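**Student:**
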Amino acid sequence: MFMRRKNYFNRERLGISSLLKGTVLSALLFLSAVGFSQCYYTVELYDSFGDGWNGNDLEINWGSNNQTVTLGSGSFDTIMVPVYNGMPFSLDYLGGGSFNSEVSFALLDDAGTTLYTSPSGPSTGIAYSQNVSGCPTCTYTLELYDSFGDGWNGNDIEVTTGSNSQTYTLGSGSFTSINITVSTGLPITLDYLGGGSFNSEVSFSLFDASGGTLYASPSGPSTGIAYSSNASCPQCPAPSNITFSNITSTSATVSWTGNGSNFEYAVVPAGSPAPTSGTAVTSSSVTISTGLSAASSYDFYVLEVCGGPAGNSAWSGPHFFQTAIQFPQGTNCTVGYDSLLFEEEFNSLTNWTNSPAEWNTNSGTTGSSNTGPSGAQSGFSYAYVETSGFYNSTTDLTSPLIELSNFGGDAELTFWMHAYGAQIGTLDVDIATSQSGPYTTEFTWSGQFQTDETDPWQHIGVDLSSYVGQDIYVRFSYTSGSSFTSDIAIDQVRVNACFDCSYLSVDLGNDTTYCANQGISLPLDAGAADSYMWSTNETTQSITVDTAGSYSVTKDVAGCPVSDTIELFTTPFINLDLGPDTSYCADESINLSLNAQNPTASFLWTDSTTSQFYTVDTAGIYTVTVTDTNGCSTSDGVYVVEHQIPNVVLPADSDYCADQTIAYTLNAGNPLATGYLWQDNSTNQTFTATTAGTYWVEVTDMNGCTNADTMEIIEDPLPVVNLGNDTSYCDSEDFNITLDADNPTADFWWNDGSDDQTLLVNSNGTYWVEVTSTQNCVNSDTLVVIENQSPEVDLGNDTVLSPGYTITLHAGNAGNYLWNDGSTDTTRTVSWGDIPGEFSVQVISDDGCINADFIYIDANTGIEEVVNGDIKVYPNPTRDNANIDMNLKESGEMTIEVYSLSGQLLQQQQVGATAGHQVVPVDLSRVESGMYIINLKLNNERIANFNITKM
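Take the sequence shown: its position 783, counting from 1, is numbered 783 in the UniProt record's numbering, and each next residue is one higher.
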């Protein structure tokens with residue numbers, strides 16, 4: 001269903017078709033009957049020519065509902081559609097008529113914000129499609145109860161909001177509370193499912209956002225739908241900051257903070273149900289002056305009238321207040337003016353008589369529960385009776401003397417009382433003109449008044465007009481109840497009275513003369529009053545004056561002004577100045593003449609001399625008192641100080657060795673000095689010396705005194721140590737040398753630990769000595785002795801050479817060579833023509849060491865003894881096999897050996913040899929390509945060798 005919105009937007013409203021109007025009226029009647037507010041979307045229909053839509057239609061779809069609408073006539077109309085947040089909503093323009101170009105429409109949300117505006121002459125189809133938003137939201141509260149206190153024992157309740165469902169139960173205990181967020185118009189259903197045991201213990205309630213009860217089940221509810229309705233949320237927030245003031249016995253003023261200017265309020269007896277309606281007001285405060293009774297408790301409620309279809313805010317309340325018991329009336333002064341002459345806020349009980357001492361002061365709650373206030377009415381603390389252990393007993397709290405003797409006409413005692421507790425006893429307020437009595441009871445209260453510790457204090461007035469002109473005492477006498485819940489409290493006791501001006505006076509004292517040199521600080525006190533005005537424009541009760549002149553004050557007490565004046569005179573000033581304090585340095589002398597001036601006066605110096613002049617020659621404090629003919633005196637003094645000269649001590653003279661780098665930091669000390677001057681004119685506190693020389697500094701301290709000191713720094717030469725150049729010898733030679741460190745007066749330390757001036761060396765090694773002079777300067781030298789090895793040379797063992805062969809002799813790689821034939825190469829080749837004979841070589845190394853070797857080579861004639869003719873080897877080069885062709889003279893065992901060029905034996909074979917011609921094969925298939933040597937032996941005697949190449 002949907003409905004019209006009337007007068008919500010400030011636009012002209014036109015009619016709609018009679019069919020649609022009938023639907024709207026039914027909707028309005030239904031909404032009014034159920035009494036809930038609703039959230040609406042508004043569809044506005046326009047026709048630019050003003051003759052309706054001429055058969056064109058618009059379909060509105062919301063949730064599972066849809067309705068086709070048109071503008072039957074005129075230029076404008078609105079349709080209001082009830083919605084809730086999350087509901088699908090769409091507009092489908094169907095068209096179907098004529099003059100489409102005149103048609104347009106718009107959609108507005110609940111707050112009047114435009115969500116969609118069509119163009120003129122819209123196209124058919126879906127124009128707008130969104131889920132609803134912007135409806136007011138609030139929180140409903142579902143409370144679950146169990147009368148036995150052990151939970152619901154398996155029973156459940158299902159809560160459905162819109163299309164969402166949630167099942168809840170009470171797991172244990174007797175109570176739980178569940179918050180449910182809803183929006184205006186959202187369907188909400190409570191379906192009690194049961195399903196457990198002990199159903200008779202179960203009950204539940206649903207409350208709206210303002211705490212109003214929407215549904216309360218019986219104990220042991222039946223299963224099924226218990227509650228079903230649309231949610232209703234306040235359109236605007238409830239008023240806040242509710243404040244009570246001017247509470248009397250029959251009236252009270254209440255103010256609050258709201259967003260608008262239209263409100264409703266209601267006042268009901270405390271503890272009553274919330275109201276269903278209230279009294280309309282157009283301001284955020286109201287004075288309630290009817291319907292209230294003295295000493296009564298009430299609850300105040302207020303709501304804001306929001307306007308529009310959503311109605312009002314939730315009630316703000318209950319806000320508790322109480323009317324006064326005996327409210328203060330104030331004084332009626334026909335004589336004088338009203339004046340506060342006594343006040344007590346009970347920050348302490350000083351000056352009060354407490355008998356027996358059961359009255360106490362406190363700032364928060366009392367020591368007992370369910371009784372007493374939560375805090376003071378005024379100031380920091382209040383007075384109360386702690387009744388724990390003090391039952392059915394009386395205690396008195398008596399004020400100090402209160403003077404009403406200077407007051408006339410009327411007087412009133414006021415105080416604040418808090419009487420919360422089930423067993424509150426009786427409080428009497430008694431008045432007497434003597435502290436010992438007799439006392440007359442002027443006010444009595446019995447029993448509880450407040451119902452909670454946070455309830456407001458009650459302001460009470462007691463008429464004292466019969467005591468005007470007398471001095472009185474006020475006694476608060478309390479008789480406690482029969483339990484600890486009877487703590488009574490009082491605060492801010494005041495006495496006001498009409499002040500009689502004829503009793504008022506002020507006296508600043510007699511006129512006064514003072515000595516100018518001594519000055520004056522004279523306090524002037526005008527006494528107690530309501531206000532003050534001094535001739536100095538100060539407004540305090542007392543002032544202090546320190547110069548000559550006329551001083552007056554007018555004070556006011558209760559509207560009565562009174563004045564007084566005092567004159568302050570001064571004698572001539574005595575001019576006395578001995579001059580400034582002075583000082584001198586300890587290495588100086590002083591001679592200072594002091595003059596006390598004022599030749600007509602009398603003088604008294606520190607040492608009791610009485611002359612006008614005084615001579616100072618030593619340090620000290622020198623004072624003089626000068627007394628003039630008026631008897632006025634003044635004094636002056638001079639402080640003469642002898643300053644010690646700065647203590648300047650540089651280090652003792654010092655030296656250093658020539659091989660050292662020095663950085664001596666010389667410190668002149670005296671960090672508070674004002675000046676330093678070193679020998680190089682530098683001006684720092686410290687000086688770094690890096691060379692030999694004379695160093696001095698002059699220090700000037702803050703008093704201008706100076707002192708100086710000097711030191712010498714000497715550079716000592718190093719001892720000269722020279723062991724000579726490094727040397728060497730050949731291992732074939734004898735070696736002997738003596739090293740001398742010189743410096744016969746020095747100390748020595750050789751590498752072997754000896755401490756003589758000399759050291760005998762007969763072997764290779766590194767030799768060093770460290771020499772320390774008599775100035776402790778150290779120098780050293782090192783000499784390296786090297787033993788050079790003689791060159792290695794080995795020409796091999798004596799050997800033989802066969803005809804057609806040569807032997808190459810190698811002398812190594814040690815240096816220079818000299819063979820016996822005078823050649824100087826590293827090798828020498830010996831051929832058949834050179835033998836037999838001895839061959840030698842002399843080798844000289846780079847270090848000059850010499851070695852030699854020789855070899856004897858004989859002619860090998862064995863082959864001629866065993867072979868006829870030559871021995872042939874073929875083919876050469878060969879691939880795998882070679883043949884040895886020979887003609888032997890004798891038989892025997894023949895050995896054939898194959899060597900690499902480096903002399904490694906690779907293979908060996910033995911064959912039986914017979915005298916005569918024969919060919920012996922040699923298998924070379926197992927060796928790789930390269931050059932090899934074949935060696936032949938017969939009966940273990942070498943007869944020949946050959947070079948052969950394998951391909």
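Note that beta-carbon positions come from the ideal geometry of N, C-alpha and C, so glycine has one too. Since this is a predicted model, take the numbers as computed values, not measurements.
Three-state secondary structure (DSSP) at glycine 173?
**Tutor:** Locating residue 173 in the sequence shown gives position 173, counting from the first residue. In this structure, glycine 173 counts as strand in the three-state DSSP scheme.
**Student:** Per the DSSP calculation, valine 898 is bridged to which residue(s)?
**Tutor:** As a working note, residue 898 is residue 898 in the sequence shown. According to DSSP, which records beta bridges pairwise, valine 898 is partnered with Gln907 and Ile934.
**Student:** Just reading off the beta strand (DSSP E) that proline 561 is part of, what are its end residues?
**Tutor:** For the purposes of this step, residue 561 is taken as the residue at position 561 of the sequence shown. Residues 560 to 570.
**Student:** Going by beta-carbon coordinates alone, are aspartate 487 and serine 339 separated by less than 7 Å?
**Tutor:** Counting from one through the sequence shown, the residue named residue 487 turns up at place 487. Counting from one through the sequence shown, the residue named residue 339 turns up at place 339. The answer is no: Cβ separation not under 7 Å.
**Student:** For serine 355 and serine 542, I'd like the C-alpha separation in whole angstroms.
**Tutor:** One-based indexing of the sequence shown puts residue 355 at position 355. One-based indexing of the sequence shown puts residue 542 at position 542. So the two alpha carbons sit approximately 37 Å from each other.
**Student:** What residue from Gln458, Asp825 and Thr582 has the CA that sits closest to alanine 376's CA?
**Tutor:** In the sequence shown, residue 376 corresponds to position 376, counting from 1. Considering only Gln458, Asp825 and Thr582, the residue with the shortest C-alpha distance to alanine 376 is Gln458.
**Student:** Helix or strand or just coil, what does DSSP make of glutamate 893?
**Tutor:** Here residue 893 corresponds to residue number 893 of the sequence shown, with the count starting at 1. Reduced to three states, the DSSP call for glutamate 893 is strand.
**Student:** State the Cα-Cα distance for the pair cysteine 501 and alanine 280, rounded to the nearest angstrom.
**Tutor:** Counting from one through the sequence shown, the residue named residue 501 turns up at place 501. Counting from one through the sequence shown, the residue named residue 280 turns up at place 280. Cα-Cα distance, rounded: 50 Å.
**Student:** If you count every other CB in all the chains shown that lies within 10 Å of the CB of alanine 811, and 16 or more means buried, which is it?
**Tutor:** Stepping through the sequence shown from its first residue, residue 811 is reached at position 811. Flag for alanine 811 reads buried.
**Student:** Give a yes or no on contact between the stretch 475 to 485 and the stretch 405 to 425, applying the rule of three or more CB pairs nearer than 8 Å.
**Tutor:** yes
**Student:** Looking only at its own chain, which residues have a Cβ that is under 6 Å from the Cβ of phenylalanine 816, when we skip the five neighbours before and after it?
**Tutor:** The sequence position of residue 816 within the sequence shown is 816, counting from 1. According to the sequence as given, residue 816 is asparagine; it is not phenylalanine. These residues qualify, in order along the chain: Ile844.
**Student:** Just confirm the distance between the C-beta atoms of glutamine 329 and glutamate 412, as a whole number of angstroms; I'd bet it's less than 8 Å.
**Tutor:** Within the sequence shown, the letter at position 329 stands for residue 329. Within the sequence shown, the letter at position 412 stands for residue 412. Yes, they are in contact, since the Cβ atoms of glutamine 329 and glutamate 412 sit about 7 Å apart, within 8 Å.
**Student:** Rounded to whole angstroms, how far is the Cβ of threonine 806 from the Cβ of threonine 829, which I believe are closer than 8 Å?
**Tutor:** Your numbering for residue 806 matches position 806 in the sequence shown. Your numbering for residue 829 matches position 829 in the sequence shown. About 5 Å separates the CB atoms of threonine 806 and threonine 829; that is less than 8 Å, so the two are in contact.
**Student:** Alpha carbon to alpha carbon, how far is valine 305 from serine 177?
**Tutor:** For the purposes of this step, residue 305 is identified with residue 305 of the sequence shown, where counting begins at 1. For the purposes of this step, residue 177 is identified with residue 177 of the sequence shown, where counting begins at 1. Straight-line Cα distance between these residues: approximately 30 Å.
**Student:** Check whether the Cβ atoms of glycine 196 and tryptophan 256 sit closer than 7 Å, and answer yes or no.
**Tutor:** Taking the sequence shown and counting its residues from 1, one reaches residue 196 at position 196. Taking the sequence shown and counting its residues from 1, one reaches residue 256 at position 256. Not in contact: glycine 196 and tryptophan 256 (Cβ atoms no closer than 7 Å).
**Student:** Would you call histidine 418 buried or exposed, if buried means 16 or more other Cβ atoms sit within 10 Å of its Cβ?
**Tutor:** The count along the sequence shown starts at 1 and reaches residue 418 at position 418. Buried is the call here.
**Student:** In angstroms, rounded to a whole number, what distance separates the CA positions of alanine 314 and threonine 184?
**Tutor:** For the purposes of this step, residue 314 is taken as residue 314 along the sequence shown, with counting starting at 1. For the purposes of this step, residue 184 is taken as residue 184 along the sequence shown, with counting starting at 1. Rounded to whole angstroms, alanine 314 to threonine 184 spans 13 Å at the Cα level.
**Student:** By Cβ distance below 6 Å, which residues in the same chain neighbour glycine 22 in space, the five residues on each side in sequence not counted?
**Tutor:** Walking along the sequence shown from the start, residue 22 turns up at place 22. Low local confidence applies: a pLDDT of 29 at glycine 22 is under 50, so the model's placement there is unreliable, and no value is given.
**Student:** Around the Cβ of lysine 555, are there at least 16 other Cβ atoms within 10 angstroms (buried) or fewer (exposed)?
**Tutor:** The residue given as residue 555 occupies position 555 in the sequence shown. Answer is buried; the Cβ neighbour count reaches 16.
**Student:** Can you give the Cα-Cα distance for asparagine 241 and asparagine 351, rounded to whole angstroms?
**Tutor:** For this step, residue 241 is matched to residue 241 along the sequence shown. For this step, residue 351 is matched to residue 351 along the sequence shown. The straight-line gap from Cα to Cα measures roughly 39 Å.
**Student:** Classify valine 267: buried if its beta carbon has 16 or more other beta carbons within 10 angstroms, exposed otherwise.
**Tutor:** Stepping through the sequence shown from its first residue, residue 267 is reached at position 267. Buried, because 16 or more other Cβ atoms sit within 10 Å of the Cβ of valine 267.
**Student:** For glutamate 304, which three-state DSSP category applies?
**Tutor:** Here residue 304 refers to the residue found at position 304 when the sequence shown is read from its first residue. In the structure shown, glutamate 304 sits in a strand (DSSP, three-state: E or B).
**Student:** Touching or not, the stretch 139 to 152 and the stretch 194 to 213, by the rule of three or more beta carbon pairs under 8 Å?
**Tutor:** yes
**Student:** Would you say valine 697 and asparagine 707 are within 7 Å of each other, going by their C-beta atoms?
**Tutor:** Walking along the sequence shown from the start, residue 697 turns up at place 697. Walking along the sequence shown from the start, residue 707 turns up at place 707. Contact flag unset, no.
**Student:** Would you identify the three-state DSSP class for tryptophan 832, choosing helix, strand or coil?
**Tutor:** By one-based count along the sequence shown, residue 832 stands at place 832. If DSSP states are grouped into helix, strand and coil, tryptophan 832 belongs with the helices.
**Student:** Could you check the C-alpha separation between leucine 107 and glycine 134 for me, to the nearest Å?
**Tutor:** Stepping through the sequence shown from its first residue, residue 107 is reached at position 107. Stepping through the sequence shown from its first residue, residue 134 is reached at position 134. Those two C-alpha atoms are separated by around 13 Å.
**Student:** May I ask you to report which of helix, strand or coil DSSP gives tyrosine 391?
**Tutor:** Within the sequence shown, residue 391 is the residue found at index 391, counting from 1. In this structure, tyrosine 391 counts as coil in the three-state DSSP scheme.
**Student:** Taking 8 Å as the threshold, find out whether the stretch 623 to 636 comes into contact with the stretch 648 to 665 through three or more Cβ pairs.
**Tutor:** no
**Student:** Who are the Cβ neighbours of serine 434 in its own chain at under 8 Å, not counting the five residues just before and after it?
**Tutor:** Counting from 1 along the sequence shown, the entry for residue 434 is found at position 434. Taken in chain order, the residues that qualify are Tyr473.
**Student:** Can you tell me whether serine 90 is helix, strand or coil according to DSSP?
**Tutor:** Within the sequence shown, the letter at position 90 stands for residue 90. Strand.
**Student:** Give the straight-line distance between the Cα atoms of phenylalanine 320 and glutamine 326, rounded to the nearest whole angstrom.
**Tutor:** Residue 320 sits at position 320 when you count from the first residue of the sequence shown. Residue 326 sits at position 326 when you count from the first residue of the sequence shown. In this structure, the alpha-carbon of phenylalanine 320 lies about 19 Å from that of glutamine 326.
**Student:** Please specify which runs of the alpha helix (DSSP H), each continuous and at least 4 residues long, are wholly inside the stretch 729 to 774, giving them in chain order.
**Tutor:** none
**Student:** Between isoleucine 786 and the rest of its own chain, which residues show a CB-CB distance below 6 Å, the 5 nearest in sequence each way excluded?
**Tutor:** The residue you call residue 786 lines up with position 786 of the sequence shown. Excluding residues within five positions, the ones whose Cβ falls inside 6 Å are Ser728 and Asn764.
**Student:** Give me the Cβ distance between valine 769 and aspartate 781, rounded to the nearest whole Å; I'm assuming they're in contact under 8 Å.
**Tutor:** Residue numbering aside, residue 769 sits at position 769 when the sequence shown is read from its first letter. Residue numbering aside, residue 781 sits at position 781 when the sequence shown is read from its first letter. Separation of the CB atoms of valine 769 and aspartate 781 is rounded to 6 Å, and the pair is thereby assigned contact status at 8 Å.
**Student:** To which residues of the same chain is valine 761 closer than 7 Å at the C-beta, ignoring the five residues directly before and after it?
**Tutor:** To locate residue 761, count along the sequence shown from 1; it is residue 761. Taken in chain order, the residues that qualify are Ile737, Leu739, Tyr767 and Val785.
**Student:** Taking C-beta to C-beta, are isoleucine 948 and asparagine 876 nearer than 7 Å?
**Tutor:** Within the sequence shown, the letter at position 948 stands for residue 948. Within the sequence shown, the letter at position 876 stands for residue 876. Yes, Cβ-Cβ distance for isoleucine 948 and asparagine 876 is below 7 Å.
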